[in-house]
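What follows is a set of notes on a single structure, which appears directly below.
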Amino acid sequence: MANPEDAFRQTGWSGLRARLFHLYFVLRRPMTLGVRGLIHDAANNSVFLIRHTYVPGWQLPGGGVETGETLAEALARELAEEGNIALAAPPVLKSMHFNRRSSRRDHVGLYLIEHFSQTAPKQPDHEIAEAGFFPLDRLPEGTTPATLRRIAEVFRDEPTSPYW
Numbered sequence: 000m001a002n003p004e005d006a007f008r009q010t011g012w013s014g015l016r017a018r019l020f021h022l023y024f025v026l027r028r029p030m031t032l033g034v035r036g037l038i039h040d041a042a043n044n045s046v047f048l049i050r051h052t053y054v055p056g057w058q059l060p061g062g063g064v065e066t067g068e069t070l071a072e073a074l075a076r077e078l079a080e081e082g083n084i085a086l087a088a089p090p091v092l093k094s095m096h097f098n099r100r101s102s103r104r105d106h107v108g109l110y111l112i113e114h115f116s117q118t119a120p121k122q123p124d125h126e127i128a129e130a131g132f133f134p135l136d137r138l139p140e141g142t143t144p145a146t147l148r149r150i151a152e153v154f155r156d157e158p159t160s161p162y163w
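Just so you know, we're using numbering that gives the first Met the number 0 here: the sequence shown kicks off at 0 and counts up by one.
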């Protein structure tokens with residue numbers, strides 16, 4: 000039988016060293032990760048957009064992934080907070096984008112949601128000024144360029160940009 004101290008020396012130090020290197024890179028090169036949901040109501044050929052109180056333009060709902068959350072969990076939380084929307088089936092990851100306008104380390108996952116429910120229309124609050132479904136051929140004035148690009152990539156088969 001192997002000596003437990005020898006086993007620790009063989010695996011424990013390397014495991015500790017790996018954790019220390021990981022901590023160093025987290026502190027030295029922190030990366031942020033976000034999610035956005037492209038909620039498509041196929042029956043009405045419309046998409047759900049929000050307008051924040053603190054930034055201009057209409058955009059897709061979403062936000063940052065919190066520590067300990069998966070992307071799907073963050074998406075479900077953000078959709079509930081920003082739109083009273085619940086997922087009725089797993090969302091489909093369509094693309095990942097580098098959001099260089101936000102920071103040098105920000106990435107955003109775009110999900111397509113076609114199976115959902117909305118408990119009630121989203122009412123304005125401290126974060127969301129307006130929210131609603133808009134026909135794809137009549138998006139509101141002020142829809143952000145990134146939102147327009149994501150819609151074109153998904154519904155008009157435009158090439159997917161690596162940038163948000």
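Where a beta carbon is used, it is the ideal one built from N, C-alpha and C, also for glycine.
Between PRO123 and the set GLY67, LEU59, GLY82, GLU65, the nearest pair of CA atoms involves GLY82. Annotation: the continuous beta strand (DSSP E) that includes ALA85 extends over 84-86.
Only residues of its own chain outside the window of five on either side were considered, and among them ARG28, PRO29, MET30, THR31 have a CB closer than 8 angstroms to the CB of ARG104, listed in chain order. With contacts defined as CB atoms closer than 8 angstroms, PRO60 and GLU77 qualify as a contacting pair. Within the DSSP bridge table, the entry for PHE133 names VAL46 as partners. Each of SER160, PHE154, PRO89, ASN98 was checked against the Cα of VAL46, and the nearest Cα belongs to PHE154. The three-state reading of DSSP puts LEU109 in strand, counting E and B together.
Only residues of its own chain outside the window of five on either side were considered, and among them ASN83 have a CB closer than 6 angstroms to the CB of THR118, listed in chain order.
The stretch 44-58 makes contact with the stretch 135-148: 3 or more CB pairs, one atom from each, lie closer than 8 angstroms. Cβ-Cβ distances below 6 angstroms link ALA145 to TRP163 in the same chain, with the five nearest sequence neighbours on each side left out; the list follows chain order. Counting the other CB atoms within 10 Å of its CB gives VAL107 a total of 16 or more, which places it among the buried residues.
Between ALA130 and ILE49, the CB-CB gap stays under 8 angstroms.
Counting C-beta atoms within 10 angstroms of its own C-beta, ALA75 has 16 or more neighbours from the protein chains shown and is therefore classed as buried.
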